[in-house]
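**Student:** So for the sequence shown, my numbering puts the first residue at 7; every next one is plus one.
Shown below is the structure under consideration.
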Amino acid sequence: MMRPVAASARRQFGFNMHIECILKRRPMTRIVPELKHDHLELKHILEEVRRLGIGTAAGRQTLLAARDRFIRHIQREDEVFYPDYRRLARRDPLRAATADQFAEEMRQMGAAILAFFDKYKDGGEGMAFAIDFGRISAQLQSRLHKEEAILYARYEEMAASKTA
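The following block contains the structure:
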C-alpha cells in the first residue's frame, strides 16, 4: 500500500490536522472553503516564485514557502477531507471511487512536485528551472482546477444532502 504524500510531511513537520479539526470543533462543511483558500495562496506563492526567479535568495525562500503550503494542503486533504468524503460516499461506489482516483493521482503527482521543490531548494540553472517550473506549475494549476470543479463540488453536494 502506498503512503499518502502527507505521511512523510506529517513526520517531518509534526502536523496533525485531523486532531486540530477535532480540537477546534471545526464543522466539516468548512473544509472546502479552507482548501480553496489554500489553492489561492499556493497560486499566489508560485506566481511570486516565478516573478523573483530561483537565482535570488528571496525566490528560493518563496519556493520553500510554496513547498510548505503544498505539504500542509495535501496533509489536510489526506487526514480530513478524503476520510469525510469517503464517509459521505459510503453508499455511492462511484463517488467513493472518485475520491480514490483523485487521492491516487495526487500521490503520484505529489511525489513529482516534492521532487521539484527539493531539486531547486538551493537554487539551480535558470533555463532548467524555467522549464521544470512551467511543467509543474501547469500540472498543479490543472489539478487544482479539477479538485475545485469535480471533487470539492461533489463533496459539497453530498454534505448538503446529508444535512437536508
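C-beta: ideal position from N, C-alpha, C; glycine also.
Everything numeric in this text was worked out from a predicted model, so none of it was measured.
#1: Look at A109 and A95 and say whether their C-beta atoms are less than 8 Å apart.
#2: What do you reckon, are the CB atoms on F123 and R73 nearer than 8 Å?
#3: Can you give me the Cβ contacts of R66 inside the same chain, cut-off strictly under 8 Å, excluding the 5 residues immediately before and after it?
#4: From which residue to which residue does the alpha helix (DSSP H) around G106 run?
#5: So for R57, helix, strand or coil by DSSP?
#6: Given a threshold of 16 other Cβ atoms within 10 Å of its Cβ, counted over all protein chains shown, does M112 qualify as buried or as exposed?
#7: Whole angstroms are fine: how far does the CA of S167 sit from the CA of R101?
#8: In whole angstroms, give me the CA-to-CA distance for I137 and L41.
#9: Under 8 Å between the Cβ atoms of E163 and V38?
#10: Using DSSP with H/G/I as helix, E/B as strand and the rest coil, what is A95?
#11: State the Cα-Cα distance for the pair R141 and S148, rounded to the nearest angstrom.
#12: Please state if the CB of I51 and the CB of T62 are separated by a distance shorter than 8 Å.
#13: Cα separation between A64 and E131?
#14: What's the gap between the Cα of E154 and the Cα of L120?
#15: Identify whether D128 lies in helix, strand or coil by the three-state DSSP scheme.
#16: Please check the pair E54 and R75, which I expect to be a contact at CB under 8 Å, by giving their CB distance rounded to whole angstroms.
**Tutor:** For this structure:
#1: No, these two residues do not count as a Cβ contact at 8 Å.
#2: yes
#3: I60, Y126, K127, D128 and G129
#4: The amino acid at residue 106 is misidentified as Gly; the sequence shows Asp. Looking at the DSSP string, the run of the alpha helix (DSSP H) that includes D106 is P99 to K125.
#5: helix
#6: A residue is called buried once 16 or more other Cβ atoms fall within 10 Å of its Cβ, and M112 is buried on that count.
#7: 14 Å
#8: 28 Å
#9: no
#10: Note: A95 maps to coil in three-state DSSP.
#11: A straight-line Cα-Cα distance of about 11 Å links R141 and S148.
#12: no
#13: 16 Å
#14: 21 Å
#15: coil
#16: Between R75 and E54 the Cβ distance is about 11 Å, and since that is not below 8 Å, they are no contact.
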